[in-house]
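Here the structure comes first, spelled out in structure tokens, and everything after it is commentary.
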Amino acid sequence: MSETTAEMTGAAVKTKSAASGKLAILWREMKNHKVSYLFLAPFLIIFTLFTIVPVATSFVLSFTYYNIVEPPRWIGWSNYKLLFVDDDVFLKAIVNTIKFAVITGPVGYTMAFLLAWVISQIPVKYRFFYTLCFYTPAITSAIAISVVWLYMFSGDRYGLINYWLIKLGVFNEPWLWLQSIKTQLLVMIIVSLWMSMGIGFLAFLAGLQNVPRDYYEAGAIDGIRSRWQELWYITVPSVKPQLLFGAVMQVVSSLQVFDISIQLLGMPSVLYAGHTVMTHLFDYAFIRFEMGYAAAVAVVLFLMMVGLNRVIFKWLGSEE
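Take a look at the structure:
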């Protein structure tokens with residue numbers, strides 16, 4: 292028993308010595324490269340204040356009952372137990388968010404890359420026009436977009452989609468697109484895909500324009516004949532960093548869907564059919580002011596993003 296205790300004590304001492312050694316090496320490296328760290332300091336300070344501190348605060352608040360008026364009160368895992376055991380609306384929001392992300396993530400990502408590739412093939416003088424056309428929906432506010440899409444998905448005969456579907460004989464009477472629990476999520480997915488040409492699309496376009504022409508000439512000598520072969524064997528491997536960046540941005544935007552649901556379906560949507568994790572977070576944070584519970588929702592969303600991003604880095608990240 293005493294030998295086991297001695298071994299554990301020795302291991303702890305070794306671990307502490309190793310940590311002290313790493314800190315000493317880090318401090319020595321910082322002193323040797325103090326100019327570099329000085330230039331990095333503004334970013335590190337801002338990143339710490341506006342990213343690390345809020346995330347750490349959310350983790351702490353998620354274990355408390357906090358309603359803004361009273362000081363936070365420690366309640367342990369109660370918020371998480373309530374989330375996953377008793378809150379049926381949150382479980383529905385999780386399912387809706389996953390369905391939304393599974394469809395809009397891969398489809399939007401593929402659409403953005405293929406459109407960027409097609410635009411990179413046309414002459415430069417027309418490229419700016421097409422880029423502006425496809426990028427504009429991503430920078431337009433959700434309120435402005437909702438005006439257009441509310442008219443298109445209006446539940447009466449004057450709605451554009453109902454008008455054409457009745458005229459073509461698909462429907463006999465108008466369909467309540469924004470009120471039916473069968474189509475609320477579908478509407479969100481359609482509008483989100485229309486807006487999916489965001490930052491990832493621009494990153495793809497920039498990366499595709501910087502692929503050296505020498506690669507294609509060397510590929511032609513090696514036997515590559517069609518554009519699809521060029522795309523698969525030369526273009527895709529050459530823009531792997533942009534593909535990784537675009538995938539991360541697509542995952543984050545898919546899991547953070549909020550404006551589309553609020554503006555098109557209202558708060559809350561009918562029978563929570565269009566409810567997402569972000570709308571659930573907004574509900575508890577800024578309507579009910581239960582900040583501790585909202586922090587627990589935010590932590591779950593954060594862990595979902597981190598987990599999916601780790602999967603993406605494993606698939607697309609470079610080992611170098």
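First residue of the sequence shown? That's 292 in the numbering used here, and the numbers climb one at a time after it. All C-beta atoms in this analysis are idealised placements derived from N, C-alpha and C, irrespective of residue type, glycine included.
Integer Cβ distance of residue 492 from residue 403, believed to fall under 8 Å: About 4 Å separates the beta carbon of residue 492 from that of residue 403, a gap short enough to meet the 8 Å contact definition.
Where residue 364 sits in the DSSP three-state scheme: In the three-state reduction of the DSSP assignment, residue 364 falls in the strand class, which pools E and B.
In DSSP terms, what residue 237 is bridged to: Not covered by the structure: residue 237. The range shown for the chain is 292 to 611.
Distance between residue 518 and residue 511 (C-alpha atoms, nearest Å): A straight-line Cα-Cα distance of about 11 Å links residue 511 and residue 518.
Anticipated Cβ contact below 8 Å, residue 479 with residue 546, distance rounded: Rounded, the Cβ-Cβ distance is 13 Å, inconsistent with contact.
Backbone CA spacing between residue 376 and residue 579 [nearest angstrom]: Near 20 Å, if we compare the C-alpha coordinates of residue 579 and residue 376.
Reduced DSSP category for residue 615 - H, G, I as helix; E, B as strand; rest coil: Residue 615 falls outside the range modelled here, since the chain spans only 292 to 611, and no answer is possible.
8 Å Cβ cutoff met for residue 497 and residue 537: No, these two residues do not count as a Cβ contact at 8 Å.
Simplified DSSP state of residue 530, which is helix, strand or coil: In the structure shown, the three-state DSSP call for residue 530 is coil.
Pairwise C-alpha distance: residue 573 and residue 552: Distance between the alpha carbons of residue 552 and residue 573 is about 12 Å.
Nearest-angstrom beta carbon gap, residue 357 and residue 583 [assumed within contact, 8 Å]: Beta-carbon to beta-carbon, residue 583 and residue 357 are separated by about 4 Å, close enough to satisfy the 8 Å threshold.
Where residue 378 falls, given that 16 or more other Cβ within 10 Å makes a residue buried: Burial call: buried.
Residue 574 (DSSP reduced to helix, strand or coil): In the structure shown, residue 574 sits in a helix (DSSP, three-state: H, G or I).
First and last residue of the uninterrupted alpha helix (DSSP H) at residue 614: It is not possible to answer for residue 614, since the shown part of the chain is limited to 292 through 611.
Buried versus exposed, by CB contacts within 10 Å (16 or more), residue 396: If you draw a 10 Å sphere on the C-beta of residue 396, you find 16 or more other C-beta atoms in it, and that means buried.
Between the CA atoms of residue 507 and residue 385 - distance to the nearest angstrom: In this structure, the straight-line span from the alpha carbon of residue 385 to that of residue 507 is close to 45 Å.
Candidates 381, 473, 325, 439: closest to residue 569 by CA position: It is 381.
Same chain, Cβ closer than 6 Å to residue 563, neighbours up to 5 away in sequence not counted: Cβ within range, chain order: 380, 383.
Classification of residue 393 by the beta-carbon crowding that lies within 10 angstroms, buried from 16 upward: Residue 393 comes out exposed.
Identity of the residue in 317, 430, 557, 388 nearest residue 489 by Cα: Selected option, being the one with the closest Cα: 430.
Sequence-distant residues of its chain with Cβ nearer than 8 Å to residue 321 (five each side left out): Within the same chain, Cβ atoms closer than 8 Å to the Cβ of residue 321 are found at 328, the five residues on either side in sequence being excluded.
DSSP-derived helix/strand/coil call for residue 471: When DSSP states are grouped into helix, strand and coil, residue 471 belongs to the coil group.
Per-residue burial, residue 341 [other beta carbons within 10 Å of its own, 16 or more giving buried]: Around the beta carbon of residue 341, fewer than 16 other beta carbons sit within 10 angstroms, so the residue counts as exposed.
Residue from 331, 505, 604, 324 with nearest C-alpha to residue 542: When C-alpha distances from residue 542 are compared across 331, 505, 604, 324, the shortest belongs to 604.
Neighbourhood of residue 448 by C-beta distance below 7 Å, restricted to the same chain and skipping five residues each side: These residues qualify, in order along the chain: 454, 457, 465.
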